[in-house]
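In my numbering, the protein residues as written are 814 to 1419.
Glycine is no exception: its CB is placed at the ideal position from the N, C-alpha and C atoms.
These numbers were taken from a predicted model, which means no experiment stands behind them.
Inspection log for the structure reproduced underneath, given as structure tokens.
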């Protein structure tokens, strides 16, 4: 019926054009009668013809690709105010005036920003941005930021717990993101409570089912999955009409298998059997932004490692700082701590205990950031106990000159094997407490070892105590690295339109997987990364026929597709990470190069 609708070739779409517009078909069907439900459709020029449907759905609501003969036109929603140039800001004072909806939620964020701000200023100079702000012509963006995990309704109390030993990873990342966006010169509205978020959204919400031409649009909305769920429940029209502008901070990442509720429900048992409370958001997977570059399907946002450089030579003790500032993290660690305590003096920064039982520990209690880094500069070892997973502290320890002993997980921890991941929308298998440190840094700065093996941990501690080193971190975790990365991503990533594609198509490097291997692994084996946005370029018959000499073509909604002579039906299921070694499937993998020390960007991306 859909193809019958598009009888006019001028307003028709080819099969491959709709792969990235999965809702286009259903929206075209709905418009046959739905356009009569509100006068706003006719005000946009909808008159009941197929062409008017296609023009509206492509240029106003962005559910369909723009018709080829309309691409040169200016149609669609335009901003009522002329875009202005973004000027770099070096003064932080006015930023804090944007943080007004809660006192407790911003305590850590403000202190972090004050401490890191001078380093961002140095990073800006390093990138040679200063003096180029007028000529570069960067557009000032209107950006909303909602930290949903800090709201009272979320109930996590991260703001309150930050001063008593609670988790800081998300707060670190949000602090650094806010700093970067403000320094880059963009207009920000920040909220940590739902009431202020509603107030910030109010100018952009219309009762009409059609977007309002009179409303000045915003450019981006950064939030987390808590914020996503709040918008889906309370502002469904706004959510559906603006979701291509969302950027979602998601520490552990999201995989394709959990992105569509109906697919997850059908395959739940083979996906580990747990629930999916954080999935089903039906966004482009690259809209999810991670702490570490662990999932090629998602976008690496990252954070800045807080380095405290000193001019004088520091005398280090043969001592060890144990990673874990809440005592529950020390659970079941008696055996490893007993071994290490015989070789090295133990330090701790635990907020909620005084008596450590069977071994001598010098507990400093909860320290400020400056005090914590001062302690890191005196010890030789930063000892992981297996939790927390993928936090920022190991990189800070390495930057301070300590060797990180990184617990190896045997078997790897995943949704199928580990309770913590039971409800996470990812099938990642963590091989250690910090896989990034294991993979991208490694020895001598990182020693990954099974800490439950007494001989292995003894050997690792002795090796660390006898090693003299000066470790440096990859550029991507420096202030300059984050400034560069965020500046590129917010200006070039575009999930609302297929025009001006990013990364440039010239960066495509096609590889064929072996025996059901993931495209992430296939690309990595070639020294590349999987570029999810390029699946649209390889999910076409011409490419498939060139690779496999196909006599016939099939189509499926399996995350492994595209593979030999089989096209992918649903672009939301394009997946770098999916693998199925028992199938023998040969996947078509879109890879690209990356800048050393800046994996999120390719050499053609700058």
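query	result
Closer than 8 Å, CB to CB, is residue 1189 near chain D or not?	This model lacks chain D altogether, as it is built from one protein chain only.
Identify the residues that DSSP records as bridge partners of residue 1404: which are they?	1322, 1343
Below 8 Å, can you find three or more Cβ-Cβ pairs linking the region 1105–1113 to the region 1129–1142?	no
Quick one: is residue 1381 buried, meaning 16 or more other Cβ sit within 10 Å of its Cβ, or exposed?	buried
How would you call residue 851, buried or exposed, if buried means at least 16 neighbouring beta carbons within 10 angstroms?	exposed
Would you mind giving the Cβ-Cβ distance between residue 1039 and residue 961, rounded to the nearest angstrom? I have them listed as a contact below 8 Å.	3 Å
Measuring CB to CB, does residue 1370 end up less than 8 Å from residue 1383?	yes
Just the Cα atoms here: how many angstroms apart are residue 995 and residue 1007?	22 Å
Report the partner residues of residue 1220 according to the DSSP bridge assignment.	1262
Helix, strand or coil for residue 1081, going by three-state DSSP, please let me know.	coil
Quick check: the Cα distance between residue 974 and residue 980, rounded to an integer number of angstroms?	7 Å
How about the region 1208–1215 and the region 1156–1166: do they share at least three Cβ pairs that are nearer than 8 Å?	no
Quick test of your reading: residue 1372 and residue 1070, contact by CB under 8 Å. State the CB separation rounded to the nearest angstrom.	6 Å
Per DSSP, which one or two residues make a beta bridge with residue 1380?	1368
How would you write the range of the beta strand (DSSP E) that residue 958 sits in, first residue to last?	955–959
How big is the Cα-Cα spacing for residue 1187 and residue 1285?	18 Å
Since residue 1221 and residue 1274 should fall inside the 8 Å C-beta cutoff, what is the C-beta to C-beta distance between them, to a whole number of angstroms?	Going by Cβ atoms, the distance from residue 1221 to residue 1274 rounds to 15 Å, so no, they are not a contact pair.
Can you tell me the Cα-Cα spacing of residue 1394 and residue 1334, whole angstroms?	12 Å
For residue 1180, I'd like the list of residues in its chain whose CB is within less than 6 Å of its CB, leaving aside the five on either flank, ordered along the chain.	1162
According to DSSP, is residue 830 part of a helix, a strand, or is it coil?	helix
Decide if residue 895 is buried, meaning its Cβ has at least 16 other Cβ atoms within 10 Å, or exposed.	Legend: pLDDT at residue 895 = 42, less than 50; position of this residue unreliable, value from coordinates given subsequently. Exposed, by the Cβ-count rule.
Using DSSP with H/G/I as helix, E/B as strand and the rest coil, what is residue 889?	Residue placement at residue 889 is poorly supported in this model, since its pLDDT is 39, which falls under 50; the coordinates still yield a value, given next. Of the three classes helix, strand and coil, the one that applies to residue 889 here is coil, per DSSP.
In this structure, how does DSSP classify residue 1113 when only helix, strand and coil are distinguished?	strand
On the DSSP bridge list, what partners appear for residue 1195?	1134, 1217
On the DSSP bridge assignment, give the partners of residue 1037 in chain order.	1062
Between the C-alpha atoms of residue 1305 and residue 1280, what's the straight-line distance to the nearest angstrom?	43 Å
At a cut of 8 Å, does the region 1344–1358 reach the region 826–833 through at least three beta carbon pairs?	yes
I need the boundaries of the beta strand (DSSP E) containing residue 1158, first residue and last residue.	1158–1161
For residue 965, which of 1043, 1083, 1017, 1379 has the nearest alpha-carbon?	1043
Just curious, the alpha helix (DSSP H) that residue 1176 is in, first and last residue?	Note, residue 1176: premise wrong, no alpha helix (DSSP H); beta strand (DSSP E) at 1174–1176.
Could you name the residues of the same chain whose beta carbon sits closer than 7 Å to that of residue 1077, not counting the 5 residues immediately before and after it, in chain order?	1070, 1071, 1084, 1089, 1092, 1093
Run the CB neighbour count on residue 1332, radius 10 Å, all protein chains shown included, and call it buried at 16 or more, exposed below.	buried
How would you call residue 1049, buried or exposed, if buried means at least 16 neighbouring beta carbons within 10 angstroms?	exposed
Measure the C-alpha to C-alpha separation of residue 972 and residue 1061 and round it to an integer number of angstroms.	19 Å
Could you tell me which of 1287, 957, 1418, 1004 sits nearest to residue 1254, measuring between CA atoms?	1287
Tell me the rounded alpha-carbon separation between residue 1013 and residue 903.	25 Å
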